[in-house]
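Encoded as structure tokens, the structure appears first; notes follow it.
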Amino acid sequence: MFERLQNSRNALGYVFMAPAAVLLIGLLAYPLGLGTWLGFTDAKIGRLGEWVGLDNFSYLVTDSVTQLALFNTLFYTVVASALKFALGLYLALLLNKNLPFKSFFRAVVLLPWIVPTALSAIAFWWLYDAQFSVFSWVLTRMGLIDRYIDFLGDPWNARLSTIAANVWRGVPFVAISLLAGLQTISPSYYEASAIDGATPWQQFRHVTLPLLTPIIAVVMTFSVLFTFTDFQLIYVLTRGGPLNATHLMATLAFQRGIPGGSLGEGAALATLMVPFLLAAVMFSYFGLQRRAWQQGSDK
6 MFERLQNSRN ALGYVFMAPA AVLLIGLLAY PLGLGTWLGF TDAKIGRLGE
56 WVGLDNFSYL VTDSVTQLAL FNTLFYTVVA SALKFALGLY LALLLNKNLP
106 FKSFFRAVVL LPWIVPTALS AIAFWWLYDA QFSVFSWVLT RMGLIDRYID
156 FLGDPWNARL STIAANVWRG VPFVAISLLA GLQTISPSYY EASAIDGATP
206 WQQFRHVTLP LLTPIIAVVM TFSVLFTFTD FQLIYVLTRG GPLNATHLMA
256 TLAFQRGIPG GSLGEGAALA TLMVPFLLAA VMFSYFGLQR RAWQQGSDK
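Here the working numbering runs 5 ahead of the position in the sequence shown, where the first position is 1.
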């Protein structure tokens, strides 16, 4: 029987996939299923709870704090993702050129992505400090402001400040990924378009962007997912304040479920994030499928 197993390609494939399947089921599928189940119960910390159906969801839909957290999450995701794409694409185009010390600059660009999120958040918390902010100190010395800015004490300042921190951390991922895509574009396309009289802008619009679209779709899907589910940066930097102005769905779910003790409500909040995440994935998937169909692919 052991020899038959060795000679069976399908059986060996299942054997090799088994460890990964166990990890996926144990660390992803089971927690997701348990969290979804808890969202339909009134479970508290230390108590299993009973089935309450859609009660948690109906309450959260009308809850003003949840509505604010949803607005914060969408605003945070849209603005941060757009800025990360624009800056990441610019950096990728810049690093794709024949610059001196190009390898060094590519390594430096990766630093914000490599640094642990909690450490980045602490650094920004110091930079945004109401009394000792480096940003405010520089601006006052330049004569642009006459008093220190309350970056994290004002609701809109806090929203924009957290977005800036997220953009700083996320741009390297977008830039390096798009740079890898740019490296796959053959120089012959640019040579042919230059012979036809295309300007640099026309080359970017009609050569670079179309060929880079599949990479952009995949990279921005991951960027949107990472931004929408951001937790560490917000929790360390503001803990959702001031006045819940920076609470995202992820941080509010944690606050309701763990410190607040209402596991069912926190799980329901986390479950409410799933449709938005699926929408982002499906938008990217159907966009790529449509492009493949336009290019004549049957896959």
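Glycine is no exception: its CB is placed at the ideal position from the N, C-alpha and C atoms.
Which residue wins for smallest C-alpha separation from residue i, given the options the options?
i	options	result
SER108	ILE181, LEU17, SER289, ALA85	ILE181
LEU274	LEU282, GLY266, ALA255	ALA255
PHE62	THR251, PHE45, ALA126	PHE45
ASP155	ASP201, SER138, LEU283	SER138
LEU238	VAL84, ALA126, PHE80	ALA126
ALA128	PHE288, ALA112, LEU283, LEU242	LEU242
ALA284	ALA97, VAL229, ASP235, LEU37	VAL229
THR276	PHE227, LEU28, LEU37, VAL27	LEU37
ALA59	TYR290, GLY269, VAL286	According to the sequence displayed, residue 59 carries Leu and not Ala. Per the Cα distances, GLY269.
PHE233	PHE281, SER166, GLY202	PHE281
SER166	ASP134, VAL179, LEU92	ASP134
ARG111	GLY54, PHE178, ILE200, GLN72	PHE178
ASP313	ARG146, ALA170, GLU55, THR71	With the chain covering 6 to 304 only, the question about residue 313 has no answer from this structure.
TYR240	TRP130, ARG146, VAL70	TRP130
TRP206	HIS252, LEU98, THR71, PHE106	LEU98
LEU187	THR204, LEU214, ALA203	LEU214
SER191	VAL212, ALA203, THR204	VAL212
Do you know offhand how far residue i's Cα is from residue j's?
i	j	result
PRO219	GLY271	36 Å
ALA25	TYR19	10 Å
MET22	LEU100	38 Å
VAL195	ASN103	Reading off the sequence shown, one finds Tyr at residue 195, where the question assumed Val. Going by the C-alpha atoms only, they are around 15 Å apart.
LEU183	THR189	10 Å
VAL114	LEU149	29 Å
GLY31	ALA185	33 Å
LEU257	ASP68	12 Å
LEU94	ALA16	45 Å
ILE168	PHE259	20 Å
ARG164	LEU132	15 Å
SER267	PHE209	52 Å
LEU65	LEU124	32 Å
GLN299	LEU144	Only weak support exists for where GLN299 lies, its pLDDT of 47 falling under 50; the value from the coordinates is given anyway. Rounded to the nearest angstrom, the two C-alpha atoms are 51 Å apart.
TYR81	LEU96	22 Å
THR41	ARG152	48 Å
VAL84	LEU39	32 Å
SER289	PHE227	10 Å
ALA199	ALA87	30 Å
VAL57	LEU28	31 Å
GLN136	TRP142	9 Å
ASP201	LEU92	30 Å
LYS89	ALA34	30 Å
SER193	PHE231	35 Å
VAL338	MET278	The first residue shown for the chain is 6 and the last is 304, placing residue 338 beyond what the model contains.
LEU216	MET147	44 Å
ALA197	PHE291	31 Å
HIS252	THR71	9 Å
LEU116	ALA203	36 Å
PHE140	GLY54	49 Å
By the DSSP assignment, the alpha helix (DSSP H) with residue i in it spans what residues?
i	result
ALA163	160-188
ASN101	Neither: ASN101 is in no alpha helix (DSSP H) and is coded neither H nor E.
THR226	214-233
ALA196	According to the sequence shown, residue 196 is Glu rather than Ala. Here the alpha helix (DSSP H) through GLU196 covers 192-200.
LEU119	Per the sequence shown, residue 119 should be read as Ile rather than Leu. 116-119 is the extent of the alpha helix (DSSP H) around ILE119.
TRP131	122-132
LEU59	From DSSP, LEU59 is part of no alpha helix (DSSP H); its letter is neither H nor E.
TYR35	35-44
TYR240	237-242
LEU144	139-146
GLN207	205-208
Can you confirm whether residue i, when its beta carbon is compared against all beta carbons of chain B, has any partner nearer than 8 Å?
i	result
LEU277	Of the chains in the structure shown, none is chain B; there is only one protein chain.
- Query: Are the region 167-178 and the region 111-125 in contact at 8 Å, needing three or more beta carbon pairs?
  - Reply: yes
- Message: Would you call the region 244-253 in contact with the region 155-162, where contact means no fewer than 3 C-beta pairs closer than 8 Å?
- Response: yes
- Query: Do the region 261-268 and the region 47-65 meet, that is, are 3 or more Cβ pairs less than 8 Å apart?
  - Reply: yes
- Task: Assess, as a yes-or-no matter, whether the region 210-226 is touched by the region 71-80 under the definition of 3 or more beta carbon pairs within less than 8 Å.
- Result: no
- Mind listing, in chain order, the continuous beta strand (DSSP E) runs of no fewer than 3 residues lying wholly within the region 252-285? none
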